[in-house]
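In our numbering, the protein residues as written are 17 to 603.
Report on one structure; see the data block that follows.
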Amino acid sequence: MRAWVDAKGRLMTDKTRRYRSAEWFGKNDKDGFLHRSWMRNQGIPSHAFDGRPIVGICNTWSELTPCNAHFRTLAEHVKRGVLEAGGFPLEFPVTSLGESNLRPTAMFLRNLASMDVEESLRGNPIDGVVLLCGCDKTTPSLVMGAASVDLPSIVLSGGPMLNGKYRGRDIGSGTGVWQLTDELKAGKITLDDYMDAEACMSRSAGHCMTMGTASTMASMVEALGLALPHNAAIPAVDSRRYVLANAVGHRIVDLIREDVRISKILTREAFENAIRVNGAIGGSTNAVVHLIAIAGRVGVDIGLDDWDRLGKDIPTILDLQPSGRFLMEDFYYAGGLPAVIRKLGEMGALHRDALTVSGKTAWERVADAPCYDEEVIRPADKALTASGGIAVLRGNLAPGGAIVKPSAASPDLMVHRGRAVVFESIEDYRARIDDPDLDIDETCVMVLKYAGPVGYPGFAEVGNMGLPPKVLKRGIRDMVRISDGRMSGTAYGTVVLHTAPEAALGGPLALVENGDMIELDVPNRRLHLEVTDEELARRRENWTSPVAKPAGGYAWLFSEHVLQADKGVDFDFLVGCRGSAVPRESH
Ligand code: FES
């Protein structure tokens, strides 16, 4: 039996520690009999119940979540590591949110999935957990749930797909779809060309291989210290992903023995590190709501102003789509996230002492990280964007804030004044955008209403509205777009998102009319509707929300309790940590 010395200098073994799972398996009475006996029907031997750490493997495997479809194999490698380290693994499923299939949007179910995770962890004989995350919402939902329980926890991401290959060039998940769709609408490619690309884009197991939301969140958990080095970028099908899974199995057993709970990792310093890393990698705008929500679960007060303040001076040094040229496979071969974090440390933009699940500090684990390709991971003086963080805009159009991602936007549109062309819903946009008589040109500002958390419902990824064909045909590829919705992390453009409060709650966005002038000034963080207060008050008198209240079910719960974008879109009753106290026995 393994023995170790704890922080107080005491000699410890699994027997002296007496873990949480002993409340189920460690009693020689009726309850112990019940809990052990039914588990034995799986062929589990007696020594599994001898007091060793029980490791939960929280699996989001699903054939409806193609990005996570390889997770059963991944779990086997974690189990091997757990067993080698003297723990006992028990795999269990939780709600799996697949971005490409779920309607109305996977975001609608993120909080529900987090509740599943939280209650599954608290109600079961689990001493620590490995969170198997991949597709966009599976990472925040699992981390949010685990944070509200506060057991030792470690994230293992499934890894990105191999680069898409199409007629001699690389194409990226999502980003390639938006580009090819624009080319089709502009008449540059045929429908046959377009359909051919479909099979070339997703050619291995894994999640989107652009710096979309899945890759961003895999990077965020590594930057937070919740995952081992290289979690973000090792391709899903690279054998080193399985070696990493084995190492995760070893580490979670150590974390349980050392009682390193998730709250010891998720400190304010950890979140500040992650926000800076997001700027350096040109990460997804979705990370803003997810990190605010995760921070809320552990009682760390992170808000939009932190995003703006911390990201402002961070150059985007990673040249990955959608902001740049390369893909996640290239990122791993270039040195992966440790090389990026090392550069931030050398710039003085890293809390070096932040603790990580590796047992080393944030700096110790990257101090020697090599960079093999400065085309992919650029030096700071050759950055894609000097100020790469998320810019937070305020003004009479967004009193609660709105965001824009400068690294994915057009520099010549960062300061722009234009005439509003208003779409009252995403269906209204779809019905009219291809109309050759639509009164719009590239100087206009496209405005989309009712795509926010309550309005859609679920906070739709529709903010990157495609441009009108008549504009695309003239070679124009970007216009200013404003909405209260989100956009896919794989998308790009001068797209103002997350406008709060949202239109469905009577936010000023609801009052914009065709022909109003709108001023966007990113350097001065300003988003202004050039309409007098008196006129806005008059419009408000005549305004009623077109969004019907759901009559019941989960949709009702969602619309009653969801917080606005600037608060992370969590449910008001889920904010905070409720701990891991063992629930009462019911037999
Ligand atoms: Fe799953 Fe993009 S659809 S990560």
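Here a beta-carbon is modelled for each residue, glycine too, at the ideal position from N, C-alpha and C.
Predicted model, so just to flag it, every value in this text is computed and none were measured.
The beta carbons of Gly405 and Lys328 sit closer together than 8 Å. Comparing alpha-carbon positions, the option among Gly42, Trp20, Val591 lying closest to Asp317 turns out to be Val591.
When C-beta atoms of the segment 341–357 are compared with those of the segment 126–146, fewer than three pairs fall below 8 Å, so the two segments do not count as touching. Contact between Val438 and Val420 is ruled out by a C-beta separation of about 19 Å, above the 8 Å threshold.
In this chain, the alpha helix (DSSP H) harbouring Gly139 covers 126–139. The set of residues with CB atoms less than 6 Å from any heavy atom of the ligand FES reads, in chain order, Cys83, Glu115, Ser116, Cys151, Asp152, Ser189, His223, Cys224, Gly228, Ala230. With respect to the C-alpha of Asp321, the residue from Lys583, Pro69, Val269 having the closest C-alpha is Lys583.
Burial is judged here by how many other beta carbons sit within 10 angstroms of a residue's own beta carbon; Val21 has fewer than 16 and is exposed.
Assignment of beta-bridge partners to Tyr182 by DSSP yields Arg185. DSSP lists Phe108, Leu147 as the bridge partner or partners of Cys74. Nearest to Phe587 by alpha-carbon distance, out of Glu214, Gly103, Ile310, is Ile310.
About 10 Å separates the Cβ atoms of Ile268 and Val171, ruling out a contact at the 8 Å cut-off. Thr301 places its beta carbon 8 Å or farther from that of Met233. Between the alpha carbons of Val314 and Phe104 lies a distance of about 27 Å. Burial is judged here by how many other beta carbons sit within 10 angstroms of a residue's own beta carbon; Gln337 has at least 16 and is buried. Here Glu79 has Ala85 as same chain residues with Cβ atoms under 8 Å from its own Cβ, once five neighbours each way along the sequence are excluded. Close CB contacts of Gly471 within its chain, under the 7 Å cut and outside five residues either way in sequence, are with Asp500, Glu518, Ala519, Ala520, Val563 (chain order). The secondary-structure analysis by DSSP pairs Arg433 across a beta bridge with Glu535. Taken through DSSP and simplified to helix, strand or coil, Gly265 comes out as helix. Taking the Cα positions, Arg541 is about 10 Å away from Met430. In the structure shown, His577 falls within a helical segment according to DSSP collapsed to helix, strand and coil. Cα atoms of Glu362 and Ala23: separation of roughly 31 Å, rounded to the nearest angstrom. Bridge partners of His223 according to DSSP: Pro176. Straight across, the Cα-Cα distance linking Cys224 with Asp132 is about 25 Å. Taking the Cβ atoms as the reference, Ala350 lies roughly 5 Å from Ile393, within the contact range of under 8 Å.
Look at Pro524 here: in three-state DSSP terms it is helix. The beta carbons of Ala230 and Asp152 sit closer together than 8 Å. Of Tyr35, Met123, Thr89, Arg18, the smallest CA-CA separation from Val578 is found for Met123. Val304 carries a helical assignment under DSSP once its states are collapsed to helix, strand and coil.
With distances taken between CA atoms, Ala286 lies nearest to His367 out of His367, Cys74, Pro354.
About 19 Å separates the beta carbons of Ala263 and Gly222, which is beyond the 8 Å limit, so they are not a contact pair. Bounds of any alpha helix (DSSP H) do not take in Gly471, whose DSSP letter is neither H nor E. Buried is the label assigned to Glu134, since at least 16 other Cβ atoms lie within 10 Å of its Cβ.
Each residue's CA atom was taken as its position, placing Val585 and Gly509 some 23 Å apart. Here DSSP, grouped into helix, strand and coil, assigns Val237 to helix.
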